[in-house]
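Under the numbering used here, the first residue of the sequence shown carries the number 87, and numbering increases by one thereafter.
Heads up, the beta-carbon is just placed ideally off N, CA and C, and yes, glycines get one too.
Below you'll find the structure, written out as structure tokens, and then a few comments.
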Amino acid sequence: MEPIRNQVDMDRLLLSTRLMAVIDGWATRGLFEELADSGGCSLDDLPGESRALRVTARILANAGLLVRRGDQWALSAVGDELQEAGAFGNAHGTSVFGDLVQMPEILDKGGPVVDESGDSRSSTIGVYPDDPEKSRSFLKMLYRRSESSARETARWIDDVVDASSSVLDLGGGHGRYGRELAELGHGATLFDLPLCIDVAREIHGDELDYLGGDFFADELGGPYDVVLASNIVHGLAEEKNQRLIRRVAEVLAPGGMVVLKDMFLDEFGLWPPGAVHFGLLMLMYTDEGDSYSLTEANAWFEQAGLTPMDPVVFEGFSLMAARAS
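Here you go:
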């Protein structure tokens with residue numbers, strides 16, 4: 087996000103905020119899904135009030151997400167691509183903007199946000215034990231969005247380890263990272279909660295080995311040449327990340343490697359913007375998560391007796407790695 091320098095920048099930010107509110111409203115009400123399923127229709131065929139639909143559809147068309155042909159409206163090519171990727175979110179009846187208005191209360195009491203009944207909306211990094219279908223939908227959305235990052239991560243690991251190495255995809259959810267490594271010839275085991283294992287098995291079948299459980303309490307198997315923890319550390323408190331790294335260090339083979347894939351902050355904690363703002367999502371939707379810096383990750387490695395390697399920075403994420411003796 088560009089810095090705010092003047093009133094013009096504030097006006098642009100306001101327009102962007104209004105657009106995101108419209109996108110959020112359409113996503114929450116399932117209207118993007120309606121258009122995708124129908125291939126296009128009249129606004130009269132969509133659920134909602136006619137004037138509200140007309141005004142907001144114009145805004146979405148102006149933004150390049152919808153197209154109009156006479157009285158028929160449809161997703162644009164970009165809109166269709168974003169809908170397919172799950173970028174608009176899913177229609178669970180919850181609103182991002184409805185959560186953001188809780189910011190004054192969050193500043194007073196801390197996160198996470200609460201629902202209309204006053205119950206916490208915290209999740210275990212997108213897994214909702216009381217709502218399996220919501221969890222399943224979330225995991226499959228992450229699977230679709232992880233294609234590029236999973237491939238880049240697997241290629242980097244493949245370049246620095248021996249052929250046919252044993253890999254633990256720790257907390258890997260949908261299993262795409264492990265699957266990419268398996269396709270490169272490595273033996274990949276996915277460890278996660280039983281619900282996640284069920285989803286991953288539906289997607290990958292026998293291409294992976296599976297272990298279900300709590301990675302703080304249950305046996306992890308091993309020893310492994312590589313333990314990959316993708317998008318895990320941001321959901322945990324500092325002390326738990328220290329515990330996690332110590333634990334996985336114990337299941338490494340001699341010379342084995344721990345790899346953390348996440349959106350890490352720089353040494354000053356102020357860059358890149360994606361990682362800075364991601365901390366807000368952790369505040370709103372987890373009990374203890376945050377964005378962590380490269381310096382903090384290296385400290386976890388050293389406390390566990392591992393030797394840090396140089397960070398690898400990709401567009402949108404970084405890899406922090408360390409080796410055992």
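Cβ-based burial, residue i [other Cβ within 10 Å; buried from 16]
i: His272; result: buried
i: Leu193; result: exposed
i: Ile90; result: exposed
i: Asn148; result: exposed
i: Asp130; result: exposed
i: Met406; result: buried
i: Leu101; result: exposed
i: Trp357; result: exposed
i: Phe387; result: buried
i: Asn92; result: exposed
i: Met370; result: buried
i: Glu135; result: exposed
i: Leu99; result: exposed
Where residue i falls: helix, strand or coil (DSSP)
i: Pro309; result: coil
i: Gln158; result: strand
i: Tyr378; result: coil
i: Gly273; result: strand
i: Leu183; result: Residue 183 is actually Phe in this sequence, not Leu. Note: Phe183 maps to helix in three-state DSSP.
i: Glu88; result: coil
i: Ala177; result: A caution first: Ala177 carries a pLDDT of 45, below 50, which makes its placement in the model unreliable, though a value can still be read off. Coil, per DSSP.
i: Asp216; result: coil
i: Ser203; result: coil
i: Ser221; result: helix
i: Asp304; result: coil
i: Ser136; result: helix
i: Phe354; result: coil
DSSP beta-bridge partners of residue i
i: Met426; result: Residue coverage of the chain in this structure runs from 87 to 411, which leaves residue 426 outside it and unanswerable.
i: Tyr229; result: Bridge partners of Tyr229: none, in fact.
i: Pro394; result: Ala408
i: Gly298; result: Asp278
i: Val319; result: Looking at the DSSP assignment, Val319 forms no beta bridge with any residue, so it has no partner.
i: Asp95; result: According to DSSP, which records beta bridges pairwise, Asp95 is partnered with nothing at all.
Integer Cβ distance of residue i from residue j, believed to fall under 8 Å
i: Val200; j: Ser206; result: 6 Å
i: Gly360; j: Gly298; result: Their Cβ separation, rounded to whole angstroms, is 31 Å, which puts Gly360 and Gly298 out of contact at 8 Å.
i: Gly264; j: Leu294; result: 5 Å
i: Gly258; j: Asp278; result: 6 Å
i: Leu281; j: Pro218; result: 6 Å
Inset, instruction - Would you check if the segment 114 to 132 and the segment 187 to 207 touch, i.e. whether three or more CB-CB distances between them fall below 8 Å? - result: no
Legend entry - At least 3 beta-carbon pairs within less than 8 Å: the segment 340 to 354 vs the segment 279 to 291: no
Inset, instruction - Assess, as a yes-or-no matter, whether the segment 265 to 283 is touched by the segment 239 to 246 under the definition of 3 or more beta carbon pairs within less than 8 Å. - result: yes
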